[in-house]
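What follows is a set of notes on a single structure, which appears directly below.
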Amino acid sequence: MAENTQTILIPLSILDNNAGACDVTLGYVLDSVNITTLEAAAKRVVEKWRLLAGRIEWEPTLETWAVRVPVNGDVSSRVKVTASKLDTPLDAPILPVDKSSTEILACPSLIFFRHPSTPNNPSSYASSNAPLLSIHITELANCTCVGISFPHVLFDAFGLGKIIRALHAELHGTPWSPPPFSEKGIMSETLNELSKDVLDSAEPPAALADLQQGVASIGVRSLISLSVSLTYEHFWQKLENKAVYLGEKVVEKMVRKAKDELKKSGKSWVSTADILVAWFLKVRLDSYRGVKRPMLMLFVREQTVYANETHKNTVCAVGAISMRKTLSSIDPTFEDYPHNSLILYSSLLLPREEITSTPFAELALVHRQNIDTARNIPFIKAYHHWLRTVGGKRIPNRGRGTDSWIVTNQVIGQLDAIDFGSGSEMLALWLWGVPLLPDHTVMLNKFKGGYMIQAEIRCSRWQAIAEEIERMKAEETSVPLTP
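Anchor point for the sequence shown: position 281 equals 281 in my numbering, and the numbering is continuous, going up by one each time.
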């Protein structure tokens, strides 16, 4: 930054530091885009939202990463826009989807969405003084790819969604306002204040005890266990990064069926996300070849993705949920807080046999109840105290006999809420963690009125899901969805 530039320092919280080990790239597959218009819109976003023009640096006094934000001066260079053109098509098929679609989509290569010079951790951003916002465009023979990359140490999906909607506003000339920022670090202050009265000897909430089974402190043993598991999954099980697309009418039918079942038994409310997570983790498939089973009108049979994996005794899914709504009761500023506001919780922790035997709607209810036990002030207090006690960063616990999953609901970001203009049609939406997301990380997003469930999981599991998709299509043909 120029010598006469005035700056303020925004310290990041323990939640930001925990997320900071990777970069995030959001990729859009479009039929076309005006590169000049998009670059100009991105520069206007950075000019108005000065936080995005900042640079990452280490704050030794607070022992945290921070963003030094320029409050004056020209910041047009603080967004990196790169472009390339190739005469080849995208390396993954582009399948059309609509309200009635049930499709498995293959994820294209990251190289079309992210420039190789883009940093992937806070240290590399700090040492290179790289812009926080990078946009890479690749024009191909059959489509145009637009990738938007940012450091996860700065934002979660909610914050990323703020960038996307700001870009949309600038592309269409509509008013918008950047979220406020504060030098005092309201997240750190609030969490520290909440955890003051938590005693080291206090019994942790049951929900926290469940979570602690799914994650581990960073240490030699846990890192070796994770490395061995990642190697096994990538090279032996042949992981595939794909997504299931479920159209709006398909989801409506699934939700109606699940909620009707719960209502009959007097059970509580569940969300669409609860139902879709339960569906994906308990996807109906006929694992036993040649065994005929009744074709039910329900979307979930009693066979699951785990049916032939008897060595995996426990299904352990760890989720991440936003604290914004809960913390806004303390400080309304949190309603628009763009930085990381996620805490981990135990999404599902059940024996494999119980996953198999539990009715689908009941499984969605378990997921909802686990969210409710974590989205409250007492859990947040205990969670933050635990993080400070054990040193913050957590990694998946890949213990023997555990089938480990990570579940993230990105719908809060509304990442599909952008029209790139000039009649451009959005054909697909993808997310990557760079340099690496742990395998079996499930990401849920809205897309074209329906939902995309993206995950990098075993080839055999995708094959099982593909069989279920074909069965769903056959049912749809025999009994059409209600218009």
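The beta carbon of each residue, even a glycine, is placed where N, CA and C say it ideally should be.
In the structure shown, the three-state DSSP call for Q6 is coil. A Cβ-Cβ separation of about 19 Å leaves S123 out of contact with H339 under the 8 Å criterion. G433 places its beta carbon less than 8 Å from that of V24.
Taking L160 as the centre and dropping the five residues before and after it, the same chain places the C-beta of G413 closer than 6 Å to its C-beta, in chain order. Counting every other CB atom within 10 Å of its CB across the protein chains shown gives D197 a total below 16, marking it as exposed. According to the DSSP assignment, K80 belongs to the beta strand (DSSP E) that extends over V79 to K85.
If you check the CB distance, E456 and E240 come in under 8 Å.
Collapsing the DSSP output to three states places C316 in a strand.
When DSSP states are grouped into helix, strand and coil, A66 belongs to the strand group. With 16 or more neighbouring CB atoms inside 10 Å of its own CB, W65 falls in the buried class.
Setting aside the 5 residues that flank it on each side, P131 is surrounded in the same chain by R78, V79 and K80, each with a C-beta closer than 7 Å to its C-beta; the list follows chain order. In terms of Cα proximity to E193, the closest of I377, K238, R165 and S127 is I377. S346 sits in a strand when the DSSP states are folded into three classes.
The shortest C-alpha to C-alpha distance from G319 to any of K48, G27, L344 and T373 is the one to L344. Spanning the alpha carbons of E467 and R458 requires a straight line of approximately 14 Å. Taking G185 as the centre and dropping the five residues before and after it, the same chain places the C-beta of P11 closer than 6 Å to its C-beta, in chain order. About 5 Å separates the beta carbon of L140 from that of L90, a gap short enough to meet the 8 Å contact definition.
In chain order, T7, I8, L9, I10, R50, L51, A53, G54 and F181 place their CB closer than 8 Å to the CB of V69, counting only its own chain and leaving out the 5 sequence neighbours on each side. Shown here, P122 sits in a helix according to DSSP, grouped into three states. DSSP places N370 in the uninterrupted alpha helix (DSSP H) bounded by F360 to A374.
Within the same chain, and ignoring the five residues on either side of V250 in sequence, the residues whose Cβ sits closer than 6 Å to its Cβ are T102. Under DSSP, W430 shares a beta bridge with G27. With distances taken between CA atoms, V315 lies nearest to W405 out of W405, K267 and E189. Straight across, the Cα-Cα distance linking N34 with G421 is about 8 Å.
Per DSSP, the beta-bridge partners of N241 are E456.
Residue pairing by DSSP places W49 in no beta bridge whatsoever.
With respect to the 8 Å criterion, L415 and N370 are not classified as neighbours on the basis of their beta carbons. Closest in C-alpha terms to P435, from the list L246, M443, E47 and P116, comes P116. The Cβ neighbour count for Y232, taken over all protein chains shown within 10 Å, is under 16; the residue is labelled exposed. Between the C-alpha atoms of L208 and S322 there is a straight-line separation of about 16 Å.
DSSP links L246 through a beta bridge to T102 and Y451. Taking 8 Å as the cut-off, the beta carbon of S347 is found no closer than this to the beta carbon of R324. In the DSSP assignment, I380 falls within the unbroken alpha helix (DSSP H) covering I377 to V390. Look at N445 here: in three-state DSSP terms it is strand. By the C-beta density criterion, L26 is buried, having at least 16 other C-beta atoms within 10 angstroms. Excluding the 5 residues flanking it on each side, R375 has same chain C-beta neighbours closer than 7 Å at I321 and T326, in chain order.
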